[in-house]
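S.K.:
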Amino acid sequence: MLTSRLAATDLLVMDTHVWVWVSGEAGGTGQIRSDALPTIEDAARSRRLFVCAASVWEIALKAERGTVLVSGDLRSWERDQHQYPGVRILSIDSRLAIDSTQLPRWLRKRDGREHRDPNDRFIVATTRRLNGVLLTCDEEILEYARQGHLRAYDACP
Numbered sequence: 153m154l155t156s157r158l159a160a161t162d163l164l165v166m167d168t169h170v171w172v173w174v175s176g177e178a179g180g181t182g183q184i185r186s187d188a189l190p191t192i193e194d195a196a197r198s199r200r201l202f203v204c205a206a207s208v209w210e211i212a213l214k215a216e217r218g219t220v221l222v223s224g225d226l227r228s229w230e231r232d233q234h235q236y237p238g239v240r241i242l243s244i245d246s247r248l249a250i251d252s253t254q255l256p257r258w259l260r261k262r263d264g265r266e267h268r269d270p271n272d273r274f275i276v277a278t279t280r281r282l283n284g285v286l287l288t289c290d291e292e293i294l295e296y297a298r299q300g301h302l303r304a305y306d307a308c309p
């Protein structure tokens with residue numbers, strides 16, 4: 153379900169790009185809908201703001217390739233994200249690994265083929281496990297939410 157409002161009690165899961173922006177990197181919070189920012193900040197203060205560990209891997213990979221820049225050392229940046237108020241990074245356990253392969257059928261909008269991106273699948277499975285709301289600008293994920301398989305919020309202005 154694509155939601156148009158974030159509730160003060162929602163568990164929020166940030167997609168990788170949203171996390172990078174919220175942290176102040178790659179264009180910063182100007183990339184995110186301004187009406188979402190107070191809710192994100194409140195979720196961080198009340199320990200309801202999450203990311204999937206797959207996002208750490210994705211950021212590290214993109215930093216290594218030079219397509220995402222983070223301030224300072226990557227390990228320090230990741231550690232700083234935990235500081236209160238901050239982000240809770242959820243590990244990928246064996247159950248989540250299995251869940252990510254057993255999501256309801258997910259066809260890509262652009263070509264009708266099965267969506268197999270492991271990062272997206274881990275992030276979606278994490279959000280579903282929490283019964284949270286995924287903050288994303290990824291059109292493939294937003295379409296999946298429109299089909300009723302996930303609670304998501306379009307974080308783009």
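In my numbering, the protein residues as written are 153 to 309.
Note that the Cβ used here is the ideal one computed from N, Cα and C, for glycine as well.
(1) If the criterion is Cβ atoms closer than 8 Å, does the pair residue 274 and residue 244 meet it?
(2) Could you give the DSSP three-state label for residue 302: helix, strand or coil?
(3) Measure the Cβ-Cβ separation of residue 208 and residue 288 and say whether it is below 8 Å.
(4) Please report the straight-line C-alpha distance between residue 258 and residue 167, rounded to a whole angstrom.
(5) Could you round the C-beta distance between residue 158 and residue 188 to whole angstroms and report it? I think they count as a contact, below 8 Å.
(6) Between which residues of its own chain and residue 301 is the CB-CB distance below 6 Å, once the five residues before and five after are set aside?
(7) Does residue 224 pass the burial test, meaning 16 or more other C-beta atoms within 10 Å, or should it be called exposed?
(8) Could you name the residues that DSSP lists as bridge partners for residue 244?
M.R.: Working from what's here:
(1) yes
(2) coil
(3) no
(4) 17 Å
(5) 6 Å
(6) 256
(7) exposed
(8) DSSP output for residue 244 lists no bridge partner at all.
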